[in-house]
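Remarks on the structure that follows.
Residue numbers (this note's numbering): 160 to 410.
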């Protein structure tokens, strides 16, 4: 049933397209609307999802995407709790796109939660939530065991997303240069599972490919960006990544 394709590295993939290409084509937004159909597909494949590997109380923190509330991550949180994980929302409500503030605000929270657990956490982020998850892992690597992202631009900030027009070309160029340099200077060492889709019309899919981190697995699915949060292939991939990379909880 799994329709994704796994890649260890992507040495020959094309670079991300130029800024603003995506926001000018309004037809792409209409194509994203089919993502709501993933909810029905999710229900149909619930018996299959119920057979996913079980957790043992490990901490998993879910971070929503830009201009999204915690409610969009709630179905996945419920699923991970069903599997036996201590899955939690990030606790900051709506993601307003203030990455630096959110990262700084989350650092003491993650440190406290992981201290209570006695083990590092897994961070699961959708779109910009994945960017925030990656930056948290960069700042407190001892608190983060693994990262799972879907529809997340690795470098470039908003440059290769539908939000590029809001920021303007000059700002996008500066943020792209800064984010790439940060990745080169301080590459993430944790295992990363990066899920992407070529049907993404909000984040350019080549921007979701991590060409810098040394320990990353890419998984391709067939959802739209909107549908990623409710795609059973995404849920299954999250469950498998957690099972593979999270250590068992000690008694």
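Cβ coordinates follow ideal geometry from the N, Cα and C atoms, glycine included.
Give the range of the beta strand (DSSP E) segment to which residue i is assigned.
i	result
residue 282	280-285
residue 247	245-248
residue 379	375-380
residue 347	Looking at the DSSP string, residue 347 is not in any beta strand (DSSP E), and its letter there is neither H nor E.
So, at 7 angstroms on beta carbons, what are the nonlocal neighbours of residue i in its own chain, with the 5 sequence-adjacent residues on each side left out?
i	result
residue 252	228 and 229
residue 345	297
residue 400	305, 307 and 352
residue 246	219, 221, 236, 239 and 240
Is residue j closer than 8 angstroms to residue i when the C-beta atoms are compared?
i	j	result
residue 380	residue 361	no
residue 310	residue 359	yes
residue 338	residue 356	no
residue 303	residue 295	yes
residue 249	residue 391	no
residue 293	residue 347	yes
residue 278	residue 215	no
residue 385	residue 283	no
residue 281	residue 405	yes
For residue i, which residues in the same chain have their Cβ closer than 6 angstroms to its Cβ, ignoring the five residues on either side in sequence?
i	result
residue 351	306, 372 and 375
residue 369	313, 353 and 375
What are the boundary residues of the alpha helix (DSSP H) that residue i is part of?
i	result
residue 401	391-404
residue 418	An answer regarding residue 418 cannot be provided, because it is not within the stretch 160 to 410 covered by the chain.
residue 261	258-276
What does the Cβ neighbour count give for residue i, buried or exposed, with the cut at 16 atoms within 10 Å?
i	result
residue 335	buried
residue 323	buried
residue 407	exposed
residue 366	buried
residue 213	exposed
residue 289	buried
residue 411	As displayed, the chain neither begins before 160 nor continues past 410, which places residue 411 out of reach and without an answer.
Please return the same chain residues whose Cβ sits closer than 8 angstroms to the Cβ of residue i, not counting the five positions on each side in sequence.
i	result
residue 231	223, 224, 285 and 388
residue 342	313, 314, 371 and 372
residue 331	178, 315, 316, 317, 318 and 323
residue 226	253, 254, 255 and 256
Cβ contact (3+ pairs, closer than 8 angstroms) linking the region 235-242 and the region 256-268:
no
Cβ contact (3+ pairs, closer than 8 angstroms) linking the region 309-329 and the region 270-281:
no
### Task
Pair every Cβ in the region 197-216 with every Cβ in the region 252-264, then say whether three or more of these pairs are closer than 8 angstroms.
no
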